[in-house]
Structures are given as structure tokens and as C-alpha cells.
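Chains as they are written, first to last, in this note's numbering: chain A, 50 to 400; chain B, 50 to 400.
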């Protein structure tokens, strides 16, 4: 999905035709791909149906260049493969910033605008840890979870997909973050510069966030929330959906908990994501949690004396030369870890 | 598991022999059942091995009667079937209160002693709702979750399994609750009256709580907590394990979230339990959560116009005679409920 031979550049005339087709009124992403399939190329489509005039595209290109950006066209070698495979893949995006981020594996972190402080801390923690593990973090530059994830991922790489044009600052309080991502990360916009982020653009934006990513991490998705739609669509797109669980007493988690019941992966820390994504585990300790007691000398002794054959606990105590209480403690720990089976007659064995 | 013909009373001599065997030093529950199997009856075992003298049993019986209690012996008709099927079923229990509670289906609610206020509210809510649905609530009379569950279930029926003798008040702050349960519910104790609740008695107590129950609800189980052991043992006993999810940022949920990852059932409200237990859903609204918007007239119109064949959204708008915005809203709601599929060409169908 992320490998393969280097792809050829689009023919410049076909590339321009794709932009003209995409910018035509009444041509949405699905119609664009239908037209490509029907006519064989955008160039052919432009000969048959009324499309946006070339002059308009050149005007838009100048506006994008004024932002230090460029067009990212469906078919461009750097157009991300995962996004290209989505049914309604955006035909044309504005990209402002570092397009090389698109060549790296991407994980999305999405969630509530009115997120709790704990949710924002968890988003920051995951963004840092997943960034350190090599993932670029994609999100939607909204308040709350999105903001926390972008900020934490700025040093390692972050992509913000915005609902309006790449020059549209929304929400206003994220103006500085928008500038920072444009400078150090990547801003992607399906709308042309100057287009305000209208309400219906947000679900469209969300499909791009999940479409870019190999997996989507959901933090504090209420029922009927945008994050929940993103998660369901991500699952439809074949993406892994990872979910932070939360209290059923807090409506902010209602959608999240339902996602877990429906089969999404419950996330306790970054390792629950990295293990699925096939990368080595992080060596950092999970936030706010006591570290597991490392197996100590007594555990080693008991393990040495134990096998798959049931052994009397009394015998273990004698053979290990440690106190019965210590043996009992070690056995309890092993049992909790699911490594010990108990048998009648106070015997135990390793599983 | 809960039905079948009425069981015969134990022969009084065999019943006394079982109590004598159970009260012998060095005879634990597993040894008791081994002796029963080996000798064919407790009466036969008492003829072959040194057991507690009859006089000691009569003394204990007087102590129990002074508490308005009685012996509950393995094999008694009211000895609960689910508990009898546990490998280390307690041979003898002291029962103080209403033994008829043992004939009703039981669910256990267990959790942290140092539970959060939200966890205690959730325990109360579930205990009330499950009690209203006909379940007796069992727990361990500890601080925190146990206390909340018992209190809320007092009007509908609750069983407290204590770690010491039935007359031992522990923890001290639950003295009034202990008295109330002895009067209106049922106290069960594996230890004899007068025996203090020593540390090793708590895990033994926990196996009885889960053994009595058809399912165990776990609220705020930390890693390596007693509640986590109870949950794992409940799963070994073949009981359903239901778990309240919680924030990964709060160590009180670390064990709970791991249980869900390992296959326990995530609980958002009582209906997630009742649906598994095969009882009709509660009609009460879940706590602290907005009620679902009921299907309204517009939804009905759109549903009528929709079928499994993809239909253009424009056509729906025309046929339903409602605004395009309303149709879009209804379609979004259906999509979120997983009832709608979208197709190319702005068409939709019911799933």
C-alpha cells in the first residue's frame, strides 16, 4: 500500500485538465472520478463537457503560489496512495508546507472540540509517542483534540486538513498554529484559496483526514458527533480505528464506547496502536500510570521451579528457598498475568 | 442452570457430617470436595479421618442462631446451583437474613474501594436498574463500589459476602449497612462467627461473590487489584464479565480497560447487561446522557421513500415534500445508525 516503483509525473496538459475538471461547477469528487473513467482522461473530458476556464486555474495557481503552496493533483506521484484509494478521493488539493510528509506513514488523531483537559493530554501524549515512532500525525485543525495533537506533533511532522481554503484561518484562535503548520508541517485544503469554511465542508474535510491515514485515533467522540462520522467512514475506508475509552457517565465518550463495542480497538497507551501498526513498541512509560514491577529474583526462582506439570505449592516453597508468603505473592502475580493454572491439592502449573 | 426439579433435603446426619468435615483443620474447600468424592459421603469421611467434634459444631450453630442465621451446607436445596458448580465451592456458609434471595438470578457488582464519585454513581445506577429488572445484586460489602451497589439494591434485594464471620463488622464505617443487609437482604460468610477478616480471606470471599452470580460487573479495577482477580476468576468460572470503561489517564481503570481488550463486555448502561442476560431492556433512560431523538415525522417520510435500491437524493426530496436540508439531516442520522449506504451519483439506499 505504501511501496512500489516510483510513479511517473502526470502529463502537464492532463494535469491542468484535471484541475479544470475538478474546479468545474457541479463536478464533485465522485463525478470527477466517474468522468475520468467515462472519458478515459480529464483532457478528453474537457473537450466534451463545459469545465472551468484555464484562466481561472492560472489565477488560482497564482493565489496558491502567494501562499508558498502548490496544487496536489490526483495522479501526482506525491498524491498519497491511501487517499487515492478512497472512493471520493479529492481530485485536487492545495498543499502549503512540506509535501515530503505525505511520503511517510500517517496516523490521524481526531476528537471533540470541547474536549476535556484529560482528553487533550492523552491526544498530546499519543501524538508525541506516535511521532517519535515515525508516524506523521494528521488532524483537522479544530479546537480541542485536533489542536492538542497538531501542537504535540509539530516537531516530528503534522498535516492539517482544513475545511476552507488553505489561507482561511479557522477557528480564529488557531491562527498561530495554522502559520506554524504551514511553515513546519503541511496544510491541505480541498477548497480554493479564499473559500470560507462552510458547514458542509467539514464532513468532506474529515474523509481526507482519515483517507490520508493508515489508522484513526478517536478521542472523546460524543454520539452523533463529527468524530464519530469520521471513525465510521474510516472503518468503511478500511482504516484501523483506535479509540480512547471513557466513562459512560460522560456524554463525551458515548460515541467512543459504542465504537469499541462495535469492534474498534481500545487504546490504553501508544503501544496498543504500535502493536497493530506493526512497529516496535515505544519504550516510554505510559502517562500517569505506575510502571509494572519488573520480574525480580524471586519470580525467576519460582519460574525456574515451575513447569507445565502441576507442582505442589509446598514443594515450590522448599525448592525455591523463599518464604511461603513470597511464593504466594509471585504465584498471584503469575496468575493475574494469565500464566499460571491452579489445580486441586494446592498444585500449580505454568500455562 | 437455574431450573430443574426441586432438590431433596440432605440427610441430617450427612448434613452434620459435612459441617464437621468442613470445619476440620487443614480441610479447605478443595480438600472437602476431594474427601466427599473419595469416601462417597461426608459421613463416611468422618469415620475415617479426624474431623471437628460435634460439640464444636453445635456451639457454632448456637452462635449463628444468636445472629438469626443458619448454616448453608453444600447440598442443601437452597445452596445456589451456580456456586455449587464452582471447583472450590464453599462447603459451609453462614447465612444471616433472607435465604429466598438465593433462588433468584444474581448479578455481582464489584470494584475499587477508593472509587471515584462517578464510579459510585454508576454502581448505584446499575444496581437500581438491574434490581428493577429482577436481579439480586451481590457484592463484598467493602468501601467504595461495593457499598454503593449494596445500598442502591437494598429495596430490590442484595447479598453481601463478607470475609470474616457473619458477625464481624468490616469495614467499621459499614456497620449500619451490615445491619440493614442482615435485616432486609442476606449476609453470607464462609468463616465461623467470631473469626476476624484476615487478609487471605478476601480473595476467598471474592470467589463466592462471582460464584453466586450469572455475571460480574466490574467498576474501576486498577491493575493487580482484587477486583481484577475477581473478574479473571469469574471468567474462569464461566461467568459473563461486564466492565465499565474509563479513561486510560486514570490508573483506576487500567485493569478494567485491559479486561475489555481481553474480551469482557463494555458496559455503557444497564441495557448492555440486560441484553446479554436475556431479559427485556430497561425502559429507564441512562444516567447523565441525552435521550435519543425519537424518529420524527420527517424520518418516517424518508424511510418510506427509501429502499434497498439506490435512490437519488434529489428524488427523495421531491417525493418526501420536505426541504433538501431536512432530508440531508435525516440521511446523516440514518447513516450514523449504520442503516444507510451511499452510492455514486448522490444515491442512497437502506441497508
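Ideal Cβ positions, reconstructed from N, Cα and C, are used throughout, including at glycine.
For residue i, three-class secondary structure by DSSP
| i | result |
| --- | --- |
| residue 88/B | helix |
| residue 390/B | strand |
| residue 63/B | helix |
| residue 191/B | coil |
| residue 397/A | strand |
| residue 185/A | strand |
| residue 222/B | helix |
| residue 42/A | Not covered by the structure: residue 42/A. The range shown for chain A is 50 to 400. |
| residue 403/A | The structure shown does not extend to residue 403/A, since chain A is modelled only from 50 to 400, so the question has no answer here. |
| residue 98/A | coil |
| residue 230/A | helix |
| residue 72/B | coil |
| residue 241/B | coil |
| residue 136/A | coil |
| residue 215/B | coil |
Same chain only: Cβ atoms within 7 angstroms of residue i, ignoring 5 sequence neighbours per side
| i | result |
| --- | --- |
| residue 368/B | 354 |
| residue 253/A | 239 |
| residue 63/A | 90, 91, 92 |
| residue 223/A | 190, 196 |
| residue 451/B | Outside the displayed range of chain B (50 to 400) lies residue 451/B, so it cannot be described from this structure. |
| residue 129/A | 151, 261 |
Terminal residues of the alpha helix (DSSP H) in which residue i lies
| i | result |
| --- | --- |
| residue 251/B | 250-261 |
| residue 113/B | 103-115 |
| residue 196/B | 194-202 |
| residue 133/B | 130-133 |
Nearest to residue i (by Cα), restricted to the options the options
| i | options | result |
| --- | --- | --- |
| residue 181/B | 148/B, 153/B, 300/B | 153/B |
| residue 134/A | 259/A, 190/A, 179/A | 259/A |
| residue 132/A | 161/A, 217/A, 264/A, 222/A | 264/A |
| residue 285/B | 394/A, 244/A, 389/A | 389/A |
| residue 200/B | 233/B, 121/B, 296/B | 233/B |
| residue 88/A | 118/A, 149/A, 66/A | 66/A |
| residue 204/A | 190/A, 356/A, 185/A | 185/A |
| residue 85/A | 399/A, 124/A, 243/A | 124/A |
| residue 383/A | 143/B, 278/B, 139/B | 278/B |
| residue 349/A | 375/A, 326/A, 253/A, 262/A | 375/A |
| residue 55/B | 126/B, 92/B, 83/B | 126/B |
| residue 142/B | 191/B, 210/B, 190/B | 210/B |
| residue 217/A | 191/A, 207/A, 206/A, 280/A | 191/A |
| residue 316/B | 317/A, 318/A, 326/A, 305/A | 305/A |
| residue 170/B | 372/B, 381/B, 318/B, 116/B | 318/B |
| residue 98/A | 295/A, 167/A, 75/A | 75/A |
| residue 78/A | 296/A, 227/A, 309/A, 139/A | 139/A |
| residue 357/B | 244/B, 63/B, 391/B | 391/B |
| residue 122/A | 378/A, 70/A, 101/A | 70/A |
| residue 394/B | 398/A, 83/A, 149/A | 83/A |
Residue i, enclosing beta strand (DSSP E) - first and last residue
| i | result |
| --- | --- |
| residue 450/A | Absent from the structure is residue 450/A, since the part of chain A shown begins at 50 and ends at 400. |
| residue 56/A | First-last for residue 56/A: undefined, no H or E at that position. |
| residue 121/A | 118-122 |
| residue 209/A | 207-211 |
Cβ neighbours of residue i in the same chain (closer than 6 angstroms, five flanking residues each side left out)
| i | result |
| --- | --- |
| residue 172/B | 158, 194, 197, 198, 268 |
| residue 241/B | 109, 214 |
| residue 313/B | 290, 292 |
| residue 330/A | In this prediction, residue 330/A has a pLDDT of 45, which is less than 50 and means its spatial position is unreliable; nothing more can be read from the coordinates. |
| residue 256/B | 282 |
| residue 301/A | 161, 269, 271 |
| residue 112/B | 242 |
| residue 146/A | 231, 234, 235, 236 |
Same chain only: Cβ atoms within 8 angstroms of residue i, ignoring 5 sequence neighbours per side
| i | result |
| --- | --- |
| residue 396/B | 359, 360, 361, 362 |
| residue 370/A | 350 |
Mind pulling the alpha helix (DSSP H) runs of 4 or more residues that sit fully within the segment 342-381 of chain A?
346-354, 362-369
Exercise for the section: Kindly provide the ranges of any beta strand (DSSP E) runs that are 3 or more residues long and lie completely inside the segment 138-178 of chain B, ordered along the chain. Expected result: 141-146, 155-160
Length at least 4, wholly inside the segment 243-322 of chain B: the alpha helix (DSSP H) runs in chain order:
250-261, 275-285, 303-310
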